[in-house]
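Undergrad: The structure is given below, and queries will be raised subsequently.
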Amino acid sequence: MKGRPLTREAALLSSLYLGPVQYYSKLYACDAVVEDRGEHFEKQSFRNRMCIAAAGGPLELTIPIVRDGRMRQPMREVRISDHGRWQHLHWTALVSAYENSPYFEYYADDFRPFYEKPFHYLVDFNAGLQQTVCDLLQISPKREVADHYIDIVPPDCVDYRTLIHPKRSWTEDPHFRPAPYYQVFQDRLGFLPNMSIVDLLFTMGPEARLILRASFCANKALNVLKS
Numbered sequence: 000m001k002g003r004p005l006t007r008e009a010a011l012l013s014s015l016y017l018g019p020v021q022y023y024s025k026l027y028a029c030d031a032v033v034e035d036r037g038e039h040f041e042k043q044s045f046r047n048r049m050c051i052a053a054a055g056g057p058l059e060l061t062i063p064i065v066r067d068g069r070m071r072q073p074m075r076e077v078r079i080s081d082h083g084r085w086q087h088l089h090w091t092a093l094v095s096a097y098e099n100s101p102y103f104e105y106y107a108d109d110f111r112p113f114y115e116k117p118f119h120y121l122v123d124f125n126a127g128l129q130q131t132v133c134d135l136l137q138i139s140p141k142r143e144v145a146d147h148y149i150d151i152v153p154p155d156c157v158d159y160r161t162l163i164h165p166k167r168s169w170t171e172d173p174h175f176r177p178a179p180y181y182q183v184f185q186d187r188l189g190f191l192p193n194m195s196i197v198d199l200l201f202t203m204g205p206e207a208r209l210i211l212r213a214s215f216c217a218n219k220a221l222n223v224l225k226s
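For the sequence shown, counting from 1, position 156 maps to 155 in numbering that gives the first Met the number 0; every step adds exactly one.
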């Protein structure tokens, strides 16, 4: 199991589609996490997009959503579109990228159902995958869901909602430095940092927890638990 958290701070997070290592380092290290489902959906974000290390380099996989005409749509209301057989395409991409990884065959059956049965709401799909990942990593952070946008961040909480974003570099996060690990196409591409958590999980298996721990950087801004 996870054991003691690395910090007493809570993390304020968005609902993400198999978020990057940066995101899961918070789930591993923080004493508690708060998921904001009241924040507005943002296009071209990790909320409905993940990035994997494919043979040709980083590959983005995006879930199509149903737009209701509103400029600002709360995440809790965002529905998934069944347009374009996206589940089949995403699963095919995952198989192609990771079928030769050390742990894909061990974990494939845990993920396959998410790409075979219909899901209506994005937050439900994301939450199911997040729970699966946490179960496989044997981490159990104290989680709270906020259905309304959190405007005023509590003093014991660190807001990562806008920091974990494909348009922002992970180097902007003072609490994250990606520890290197084996990747399937590393000989050809070099190490690609901060890919989706499935990249780490399929290649490192149970040792993924060690990478998450090594990637979390505590500094003066955090209330750090001393070992």
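Glycine included, every Cβ here is placed at the ideal spot set by N, Cα and C.
All values reported here derive from a predicted model rather than from experimental measurement.
Suppose you measure from the CA of Arg84 to the CA of Asp155; what does that come to, to the nearest Å?
TA: Near 42 Å, if we compare the C-alpha coordinates of Asp155 and Arg84.
Undergrad: Would DSSP call Thr161 helix, strand or coil?
TA: Note: Thr161 maps to coil in three-state DSSP.
Undergrad: Give the straight-line distance between the Cα atoms of Ala213 and Gly68, rounded to the nearest whole angstrom.
TA: So the alpha carbons of these two residues sit roughly 43 Å apart.
Undergrad: Can you find a CB in chain B that lies within less than 8 Å of the CB of Phe45?
TA: Given the protein chain composition of this structure (a single chain), no chain B is represented.
Undergrad: To the nearest angstrom, report how far apart Leu58 and Tyr16 are at their CA atoms.
TA: So the two alpha carbons sit approximately 14 Å from each other.
Undergrad: Taking only the alpha-carbon atoms, compute the straight-line gap between Val183 and Leu135 and give it to the nearest angstrom.
TA: C-alpha separation (whole angstroms): 20 Å.
Undergrad: List the endpoints of the continuous beta strand (DSSP E) containing Lys116.
TA: Neither: Lys116 is in no beta strand (DSSP E) and is coded neither H nor E.
Undergrad: Are the beta-carbon atoms belonging to Ile163 and Gly18 less than 8 Å from one another?
TA: Against a cut-off of 8 Å, the Cβ pair of Gly18 and Ile163 comes out as a contact.
Undergrad: Is the distance from the Cβ of Ala9 to the Cβ of Asp30 below 8 Å?
TA: Going by C-beta atoms, Ala9 is nearer than 8 Å to Asp30.
Undergrad: DSSP state of Met194, grouped into three classes?
TA: Reduced to three states, the DSSP call for Met194 is coil.
Undergrad: Starting from the N-terminal side, write out each stretch of the beta strand (DSSP E) that is 3 residues or longer and does not extend beyond the stretch 10 to 44.
TA: Those beta strand (DSSP E) runs which fall completely within the stretch 10 to 44 and span 3+ residues are 29 to 35.
Undergrad: Considering only the alpha carbon of each residue, which of Met70, Val33, Tyr27, Ser14 lies closest to Arg48?
TA: If we check each option's Cα against that of Arg48, Ser14 comes out closest.
Undergrad: Please classify Tyr181: is it buried, with 16 or more other beta-carbons within 10 angstroms of its beta-carbon, or exposed?
TA: By the neighbour-count rule (16 or more Cβ atoms within 10 Å), Tyr181 is not buried but exposed.
Undergrad: Taking DSSP as the reference, what is the three-state secondary structure of Lys225?
TA: Low local confidence applies: a pLDDT of 31 at Lys225 is under 50, so the model's placement there is unreliable, with the coordinate-based value given in what follows. Residue state, collapsed to three classes: coil.
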